[in-house]
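**Student:**
Numbering (my numbering), first residue to last: -15 to 361.
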């Protein structure tokens, strides 16, 4: 252990996490009972009769706002990311989602997913592929932009990949979040190694990053490095299989599971806090650590494990369809219909499977008095 890298000056583009001290930092050493971290919900764009269900979108956002207000949790809505079918949206529909959200919620902060448009036939990475969606998103105030990885960006060697993120940042006018993926979401994805994370974390345009991971502890690596080096960069967990970890670490969540389990996660954030950070203006927000939080962790994680279960391709991408079924059962949207062009679908028995998945969290929510999580349909 004495030979492990702890000084960022010793990092090389090829350094692996296992060569650093941050890969061996225990979660217990990072636990934080005092920070009221935000919950960034990758918001579902619902559909009805093959068209966006705008009423359902606004209704579901208001429901999540209620959950955040009740527990004193800052809610930020992530629009036009994977849960919002970004890869199936035209630029015009992408813009309309943001316009309708802003009309209904004039000052509510949102994060807009940004991906490369028209790069499918490119042979080399072109930063300008990110410009169209950046221009649309950055026309709004109270907005952050999430730079989602793309295949040609992801396959670059570390130094070229760093340069590509910096080139994208030249067109960024709003706070930016860098987004890393692992292969559970797309087969070509590779999470950042320590040198690349350190480079991005020190760029003034990137205020934070999200790592979408189901099988690897990369979020812990990010948290350990950023805390140890006091980096001006907020790691956001994209681990829908490890939701409780971000809560225990006092760090933001940026997850699709934040939709289907919103009141449960907001309640758990409150239950994890200690008295020293109590905020009495909220209905709860007592800041009194409650050991029932461990049973709540188990309940919503067992639920989300089924929402995000892997299909025969070992992909969790159909979670969007499962999420629609959950919101339908909660009475928030009229149908569980997915985007008409989306190919990541669940089977005909998904309504029954989600009803079964919800039994335990519904029972725990009732026992703990958690509002806004009640079966309606």
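Heads up, the beta-carbon is just placed ideally off N, CA and C, and yes, glycines get one too.
Going by DSSP, what residue range makes up the beta strand (DSSP E) through residue 238?
**Tutor:** Along the chain shown, read from residue 1 onward, the residue named residue 238 stands at position 254. First-last of the beta strand (DSSP E) with residue 238: 237 to 239.
**Student:** Quick test of the definition: if touching needs 3 or more C-beta pairs under 8 Å, does the segment 190 to 207 touch the segment 337 to 355?
**Tutor:** No: the two stretches stay apart, fewer than three of their Cβ pairs being nearer than 8 Å.
**Student:** What runs of the alpha helix (DSSP H), each 4 residues or longer, lie entirely inside the segment 161 to 225?
**Tutor:** Runs of the alpha helix (DSSP H) inside the segment 161 to 225: 178 to 185, 202 to 213.
**Student:** So the candidates are 171, 114, 170, 145; which of them puts its Cα closest to the Cα of residue 155?
**Tutor:** Here the question's residue 155 lines up with position 171 in the chain shown. The residue with the shortest Cα to Cα distance from residue 155 is 114.
**Student:** So, residue 293 versus residue 256, is the Cβ gap smaller than 8 Å?
**Tutor:** Mapped onto the chain shown, residue 293 falls at position 309. Mapped onto the chain shown, residue 256 falls at position 272. Cβ atoms of residue 293 and residue 256: not closer than 8 Å.
**Student:** Rounded to the nearest angstrom, how far is the Cβ of residue 1 from that of residue 128, given a contact under 8 Å?
**Tutor:** Counting from 1 along the chain shown, the entry for residue 1 is found at position 17. Counting from 1 along the chain shown, the entry for residue 128 is found at position 144. Contact flag wrong, Cβ pair sits at about 26 Å.
**Student:** When the distance is taken between beta carbons, is residue 224 closer than 8 Å to residue 282?
**Tutor:** Translated into the one-based positions of the chain shown, residue 282 becomes position 298. Translated into the one-based positions of the chain shown, residue 224 becomes position 240. Their beta carbons are not under 8 Å apart, which means residue 282 does not touch residue 224 by this criterion.
**Student:** Quick one: using the 10 Å Cβ neighbour count with 16 as the cut-off for buried, is residue 74 buried or exposed?
**Tutor:** As a position in the chain shown, residue 74 is number 90, starting the count at 1. Looking at its Cβ environment, which holds fewer than 16 other Cβ atoms inside 10 Å, residue 74 is exposed.
**Student:** Touch check for the segment 245 to 252 and the segment 32 to 40: three-plus C-beta pairs under 8 Å?
**Tutor:** Verdict: no, contact absent.
**Student:** Regarding residue 190 and the ligand GDP, is the C-beta to nearest heavy atom distance less than 7 Å?
**Tutor:** For the ligand GDP, the structure offers nothing, since it holds no ligand at all.
**Student:** Can you grab the Cα-Cα spacing for the pair residue 315 / residue 245, in whole Å?
**Tutor:** To locate residue 315, count along the chain shown from 1; it is residue 331. To locate residue 245, count along the chain shown from 1; it is residue 261. Going from the Cα of residue 315 to the Cα of residue 245 covers about 14 Å.
**Student:** Would you check if the distance between the CB atom of residue 143 and the CB atom of residue -3 is smaller than 8 Å?
**Tutor:** Within the chain shown, residue 143 is the residue found at index 159, counting from 1. Within the chain shown, residue -3 is the residue found at index 13, counting from 1. Against a cut-off of 8 Å, the Cβ pair of residue -3 and residue 143 comes out as a contact.
**Student:** If we ignore side chains and look at the alpha-carbon of each, how far apart do residue -11 and residue 173 end up?
**Tutor:** Counting from one through the chain shown, the residue named residue -11 turns up at place 5. Counting from one through the chain shown, the residue named residue 173 turns up at place 189. Answer to the nearest angstrom: the Cα atoms are 25 Å apart.
**Student:** By the three-class DSSP mapping on this structure, what secondary structure does residue 92 have?
**Tutor:** Taking the first residue of the chain shown as position 1, residue 92 is located at position 108. Looking at residue 92 - three-state DSSP - the assignment turns out to be coil, as it is neither helix nor strand.
**Student:** Using 8 Å as the threshold, is the C-beta distance between residue 51 and residue 303 below it?
**Tutor:** What you label residue 51 is simply residue 67 of the chain shown in a count that begins at 1. What you label residue 303 is simply residue 319 of the chain shown in a count that begins at 1. Contact flag unset, no.
**Student:** Can you give me the Cβ contacts of residue 199 inside the same chain, cut-off strictly under 7 Å, excluding the 5 residues immediately before and after it?
**Tutor:** As a first step, residue 199 must be located in the chain shown, where it is residue number 215. Only 166, 168 meet the Cβ criterion.
**Student:** Rounded to whole angstroms, what's the CA-CA distance from residue 131 to residue 68? Just pull it up for me.
**Tutor:** Counting from one through the chain shown, the residue named residue 131 turns up at place 147. Counting from one through the chain shown, the residue named residue 68 turns up at place 84. Roughly 15 Å between the two C-alpha positions.
**Student:** Going by Cα to Cα distance, which pick from 135, 136, 71, 187 is closest to residue 160?
**Tutor:** To locate residue 160, count along the chain shown from 1; it is residue 176. Looking at the Cα atoms, 187 is the closest of the given residues.
**Student:** Around the Cβ of residue 265, are there at least 16 other Cβ atoms within 10 angstroms (buried) or fewer (exposed)?
**Tutor:** To locate residue 265, count along the chain shown from 1; it is residue 281. Low per-residue confidence applies at residue 265: pLDDT is 44, beneath 50, and the placement is therefore not dependable, though the value from the model is reported in the following sentence. Residue 265 should be labelled exposed.
**Student:** Residue 151 lies in the alpha helix (DSSP H); which residues open and close that run?
**Tutor:** Sequence index remark: in the chain shown, residue 151 carries index 167 (1-based). Element bounds for residue 151: 142 to 153.
**Student:** Grab the span of the alpha helix (DSSP H) containing residue 251 for me, first residue to last.
**Tutor:** Within the chain shown, the letter at position 267 stands for residue 251. Residues 246 to 256.
**Student:** Quick one: grab the DSSP three-state call for residue 22.
**Tutor:** Taking the chain shown and counting its residues from 1, the one referred to as residue 22 is at position 38. Residue state, collapsed to three classes: coil.
**Student:** To the nearest angstrom, how far is the alpha carbon of residue 151 from that of residue 320?
**Tutor:** Counting from 1 along the chain shown, the entry for residue 151 is found at position 167. Counting from 1 along the chain shown, the entry for residue 320 is found at position 336. If I take the Cα positions, the gap works out to 40 Å.
**Student:** With distances taken between CB atoms, is the gap from residue 352 to residue 17 smaller than 8 Å?
**Tutor:** In the chain shown, the residue the question calls residue 352 occupies position 368. In the chain shown, the residue the question calls residue 17 occupies position 33. Contact: no.
**Student:** Should residue 301 and residue 291 be called a contact, given that it needs their Cβ atoms to be closer than 8 Å?
**Tutor:** Stepping through the chain shown from its first residue, residue 301 is reached at position 317. Stepping through the chain shown from its first residue, residue 291 is reached at position 307. Not a contact, by the Cβ cut-off of 8 Å.
**Student:** Can you tell me whether DSSP reads residue 346 as helix, strand or coil?
**Tutor:** Residue 346 sits at position 362 when you count from the first residue of the chain shown. Helix.
**Student:** Determine, using beta carbons only, whether residue 135 and residue 180 come nearer to each other than 8 Å.
**Tutor:** Within the chain shown, residue 135 is the residue found at index 151, counting from 1. Within the chain shown, residue 180 is the residue found at index 196, counting from 1. Not a contact, by the Cβ cut-off of 8 Å.
**Student:** For residue 240 and residue 96, which I take to be in contact (beta-carbon distance under 8 Å), what is that distance rounded to the nearest angstrom?
**Tutor:** Numbered from its first residue, the chain shown carries residue 240 at position 256. Numbered from its first residue, the chain shown carries residue 96 at position 112. At roughly 16 Å, the Cβ-Cβ gap does not stay under 8 Å, so residue 240 and residue 96 are not in contact.
**Student:** Identify whether residue 136 lies in helix, strand or coil by the three-state DSSP scheme.
**Tutor:** Along the chain shown, one-based indexing puts residue 136 at 152. Residue 136 falls in the helix class under three-state DSSP.
**Student:** Less than 8 Å between C-beta atoms, sequence neighbours within five positions excluded: which residues of the same chain meet that for residue 228?
**Tutor:** Here the question's residue 228 lines up with position 244 in the chain shown. Taken in chain order, the residues that qualify are 252, 281, 285.
**Student:** Identify whether residue 265 lies in helix, strand or coil by the three-state DSSP scheme.
**Tutor:** Along the chain shown, one-based indexing puts residue 265 at 281. Unreliable positioning characterises residue 265 in this predicted model, as indicated by a pLDDT of 44, which lies under 50. The coordinate reading is nonetheless provided below. Correct three-state label for residue 265: coil.
**Student:** Could you check which residue in 274, 71, 45, 5 has the C-alpha nearest to that of residue 170?
**Tutor:** Residue numbering aside, residue 170 sits at position 186 when the chain shown is read from its first letter. Considering only alpha carbons, the answer is 71.
**Student:** Identify the continuous beta strand (DSSP E) that holds residue 63 and give its terminal residues.
**Tutor:** In the chain shown, residue 63 corresponds to position 79, counting from 1. First-last of the beta strand (DSSP E) with residue 63: 59 to 63.
**Student:** Who are the near neighbours of residue 22 in its chain, counting only those whose CB is closer than 6 Å to its CB and skipping five residues on each side?
**Tutor:** The count along the chain shown starts at 1 and reaches residue 22 at position 38. These residues qualify, in order along the chain: 58, 60, 236.
**Student:** Is it buried or exposed, residue 197, if we count other Cβ atoms within 10 angstroms and call 16 or more buried?
**Tutor:** Taking the chain shown and counting its residues from 1, one reaches residue 197 at position 213. Residue 197 should be labelled buried.
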